[in-house]
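Participant: What follows is a single structure, and I will ask about it in a moment.
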Amino acid sequence: MGLRIGIDIGGTFTDFAVLDPETGSFAIGKVLSTPADPAEAVFEGLRGLMAASARDMTAVSEVVHATTIATNTVIQRKGPPTALITTRGFRDVILIGRQKRWELYDNAAGRPAPLVPRHHVFEVPERMLWDGSVETALDEAAVRDVAQQLRANGIVAVAVCFLHSYANPDHEQRVQAILQEEVPEIMVSISSDVSPLYREFERTSTTVMNAYVMPGVANYVERLDEELKRMGVDGPMLIMQSNGGVATADVVKRFPIRIIESGPAAGVLTAARFAPAAGTNNLISFDMGGTTAKLCLVEGGKPLLTSQFEVDMTHLKKGSGLPVSIPAVDLIEIGSGGGSIAKVELGGISIGPESAGSVPGPVCYGRGGKRPTVTDADLTLGYLNPGYFLGGEMSLDAAGAKEAIDREIAQPLGLDTMQAAWGIHEIVTQQMAEAARAVTISCGKDPRSFALVPFGGAGPVHGARLARMLGCPKVVFPRAAGVESAVGLLMAETSLDLARTQVMTLDEAAIPTLNALFADLEMRAREQMERSGIVPERQRFTASCDMRFAGQGYEIAVDLPPYPYTVADLSALREAFFEAYARSYGARSFETGWDVVGVHWRLRATAIGSVLTMEDLERLDGDVSRAIKDVRQVWFPETEGFTPCTVYDRYRLSAGDVVSGPAIVEERESTIVLPPDSTTRVDPHGNLVTEL
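First residue of the sequence shown? That's 1 in full-length UniProt numbering, and the numbers climb one at a time after it.
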């Protein structure tokens with residue numbers, strides 16, 4: 001077995017994790033991202049890692065990659081001209097959307113503009129009914145006429161979404177064939193492949209987004225794959241999907257929508273494995289990088305998944321973004337990171353979502369940045385060591401950071417410079433606390449019963465303060481926290497999610513249909529897994545369903561027991577729904593006498609892989625003074641200003657060591673800030689477990 005490499009591209013840094021399965025040795029790295037061409041940072045980092053290890057790229061057997069290219073394409077509206085072909089009479093589905101408003105009493109509340117303008121939406125005569133029968137035959141001449149209009153309008157990609165195509169995909173498949181004949185240069189996405197589920201608006205939105213990001217993702221993936229092969233990598237390149245699994249490059253080029261939340265999903269996978277260190281299976285995953293912060297719940301040791309989420313949301317309000325109907329890790333992402341720019345607005349301090357990124361970067365990077373950022377504030381407060389950023393590879397301009405905060409924030413507000421710096425730190429942490437409450441309190445969860453797992457370059461700096469705001473009693477700082485998402489990529493399994501809409505009541509009559517449905521999904525899954533080189537012995541299948549009580553308008557996700565089913569299994573299927581319903585709504589009081597209806601039946605296929613483990617730390621003499629690097633002045637509100645603070649070298653800590661706050665623990669890729677009134681213990685695996 002050769003080296004396995006995880007690569008996570010962020011807005012500011014690109015992170016690397018390299019595992020040698022034969023020796024168990026681990027290497028990590030971090031380089032500044034290259035926004036103009038994200039692949040350049042990948043190649044630069046790989047060359048540096050290989051040179052440092054005295055190995056060449058021929059030793060690499062697998063590359064697992066997470067990228068934000070699909071998300072950025074949507075948010076920044078950088079996709080190529082894209083069109084939509086739909087059933088005659090349904091031209092305005094994506095324009096009308098849903099009746100619900102994300103802010104009921106705000107007359108100015110709007111939604112993100114559709115990715116396809118109305119003049120690029122084309123109608124053709126055809127009509128399927130809800131049961132899959134044909135009401136109106138497809139007008140193929142009209143399709144060929146539309147194909148020529150697509151070429152005349154310079155269309156690069158097209159989505160095809162017909163009414164009830166989830167029940168019968170024949171018309172969509174025929175349109176795809178015609179377009180490939182008439183305009184083979186145009187990329188085509190059909191909804192019966194991308195998201196074969198009912199609810200027309202969400203299915204159309206998902207298919208349009210898949211088409212919109214397809215050219216950019218395909219070009220990027222092809223270039224990366226070709227360059228890796230040219231550099232000598234013989235193994236496959238796998239890409240993290242939004243559902244926490246990985247897929248081959250060929251699959252991603254056809255279904256780029258599946259990687260819309262690629263990077264954040266990798267980090268959540270790692271958070272789940274820290275349950276033993278936290279002493280609880282309930283965790284809050286907190287990933288704060290240079291550009292964004294991502295939060296997700298882990299309950300019962302497993303990340304929460306959703307079958308529908310939104311991209312480009314406004315103020316974290318549900319219904320304010322573009323809906324996507326694919327399985328994904330259920331997380332929330334906000335524009336609060338180390339590079340988020342601080343400014344004065346309406347007499348107060350405002351942070352983000354604009355980020356300095358890697359170009360020009362925060363003022364302290366010395367790369368031309370003029371406006372202060374969160375990183376500049378953290379440096380001014382003494383949390384960061386200007387001579388040990390990225391393990392000393394990069395020095396920080398502390399004087400420049402302080403001057404920018406004084407000029408842009410302190411003087412306009414009549415504040416002391418340190419008050420302004422603390423205000424930046426406190427406000428950005430409060431913004432992340434609001435996001436955490438959105439995934440906990442707003443969902444009926446009490447954050448005081450969860451442990452916090454902070455990671456990312458900036459996460460450990462703000463983690464303990466965030467936990468104190470939320471009332472979390474314990475914080476787990478992982479090893480290699482600064483590149484934890486890259487580490488998480490090496491834990492991911494190849495996975496595939498298939499689904500079918502079939503509305504049926506859970507009764508005896510449904511059992512034969514249900515077994516036939518899952519048998520068909522499994523057959524299709526096995527075919528796709530085997531095309532990816534995954535032998536049957538490594539394939540594992542789990543079933544789930546979106547279910548509701550009869551008469552309800554929306555469903556909840558329910559994990560199902562193994563199939564095939566018999567009539568005797570009906571009670572177990574219903575009980576699975578009741579338990580999920582109680583977790584979501586806190587009550588089972590409506591179950592008696594009510595029919596349970598299954599709507600979207602889902603099958604997840606995964607490839608069983610190796611488990612990632614790290615070597616345990618050696619337990620030494622218990623004298624933590626061996627790890628002391630320095631004592632420096634650090635600003636804390638609890639001490640009303642600067643206080644002498646012990647700085648520890650994380651790499652010299654051993655299992656069983658105890659550190660009392662206030663303290664700073666430094667490692668190459670991140671810095672851990674331990675506030676006053678905290679006690680931290682190093683567990684056998686090298687994690688720092690802090691009690692507040």
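Beta carbons: idealized from backbone N, C-alpha and C, even for Gly.
Do you know offhand how far F518's Cα is from P564's?
Facilitator: 8 Å
Participant: Hey, quick one: how far does the alpha helix (DSSP H) through Q552 stretch, first residue to last?
Facilitator: Element bounds for Q552: n/a, residue is neither H nor E.
Participant: Can you determine whether any heavy atom of the ligand PLP sits closer than 7 Å to the C-beta of A39, and answer yes or no?
Facilitator: The ligand PLP is not part of the structure shown, which contains no ligands of any sort.
Participant: Under 8 Å, do A436 and L295 count as touching if we go by C-beta distance?
Facilitator: yes
Participant: Closest by CA to G661, which one among A481, M187, W635?
Facilitator: W635
Participant: Per DSSP, what kind of secondary structure is S191 in: helix, strand or coil?
Facilitator: S191: helix per DSSP, three-state reduction.
Participant: First and last residue of the beta strand (DSSP E) that includes F309?
Facilitator: 309–311
Participant: If I'm right that L331 touches P256 with Cβ under 8 Å, what's the distance once you round it to whole angstroms?
Facilitator: That belief does not hold up - the Cβ atoms of L331 and P256 are roughly 19 Å apart, past 8 Å.
Participant: Can you find the residues in the same chain that come closer than 8 Å, C-beta to C-beta, to V74, ignoring five residues on each side of it along the sequence?
Facilitator: L115, M209, Y212, V213, I260, V311, D312, L322
Participant: Sort L138, Y220, L688, D139 by Cα distance to S654 and report the nearest one.
Facilitator: L688
Participant: In terms of residues, what are the limits of the alpha helix (DSSP H) holding R144?
Facilitator: 140–152
Participant: By DSSP, does M523 sit in helix, in strand, or in coil?
Facilitator: M523 falls in the helix class under three-state DSSP.
Participant: Spell out the partners DSSP gives E345 in its beta bridges.
Facilitator: G348
Participant: Is it buried or exposed for D243, if we count other Cβ within 10 angstroms and need 16 for buried?
Facilitator: The sequence given here has Asn at residue 243, not Asp. Buried: at least 16 other Cβ atoms inside 10 Å.
Participant: Who are the Cβ neighbours of A550 in its own chain at under 8 Å, not counting the five residues just before and after it?
Facilitator: T505, W594, D595, V596, V597
Participant: Suppose the cutoff is 6 Å on Cβ atoms and the five residues either side in sequence are ignored; what does the same chain contact list for P169 look like?
Facilitator: S192
Participant: Would DSSP call C645 helix, strand or coil?
Facilitator: Correct three-state label for C645: strand.
Participant: Using alpha carbons as the reference points, say which of T292, T314, A278 lies closest to V298.
Facilitator: A278
Participant: With 16 other CB atoms within 10 Å as the buried threshold, where does D287 fall?
Facilitator: buried
Participant: Which residue from G290, V599, V439, E403 puts its Cα closest to that of L304?
Facilitator: The alpha carbon of L304 has as its nearest neighbour, out of G290, V599, V439, E403, the alpha carbon of V439.
Participant: Note down, in chain order, each residue of its chain lying with its Cβ closer than 6 Å to the Cβ of M231, except the 5 sequence neighbours on either side.
Facilitator: If you ignore the 5 residues before and after M231, its C-beta comes within less than 6 Å of the C-beta of M57, all in its own chain and listed in chain order.
Participant: By DSSP, does L620 sit in helix, in strand, or in coil?
Facilitator: Here L620 carries a coil assignment [DSSP, helix/strand/coil].
Participant: Between S449, A70, P184, S189, which lies nearest to N219 when the distance is taken from Cα to Cα?
Facilitator: A70
Participant: Could you work out which residue in I326, D446, L269, A342 is closest to K302 when comparing CA atoms only?
Facilitator: L269
Participant: With T306 and A328 assumed to form a contact (beta carbons below 8 Å), what rounded beta-carbon distance in angstroms separates them?
Facilitator: 6 Å
Participant: Using CA coordinates, which residue listed in G361, A377, D378 is at the minimum distance from K370?
Facilitator: G361
Participant: Taking the C-alpha atoms as reference points, what is the distance between V483 and R118?
Facilitator: CA-to-CA, the gap between V483 and R118 works out to about 43 Å.
Participant: Pull up the distance between the alpha-carbon of A113 and that of S320, whole angstroms please.
Facilitator: A direct Cα-to-Cα measurement between A113 and S320 gives close to 11 Å.
Participant: Pull the bridge partners of S340 from the DSSP assignment, please.
Facilitator: In the DSSP output, where bridge partners are listed per residue, S340 has S355.
Participant: Compute the distance between the beta-carbons of V64 and G6, then report whether it is under 8 Å.
Facilitator: The Cβ atoms of V64 and G6 sit closer than 8 Å to each other.
Participant: Buried or exposed for N385, please, with buried defined as at least 16 other CB atoms from any protein chain shown within 10 angstroms of its CB.
Facilitator: buried
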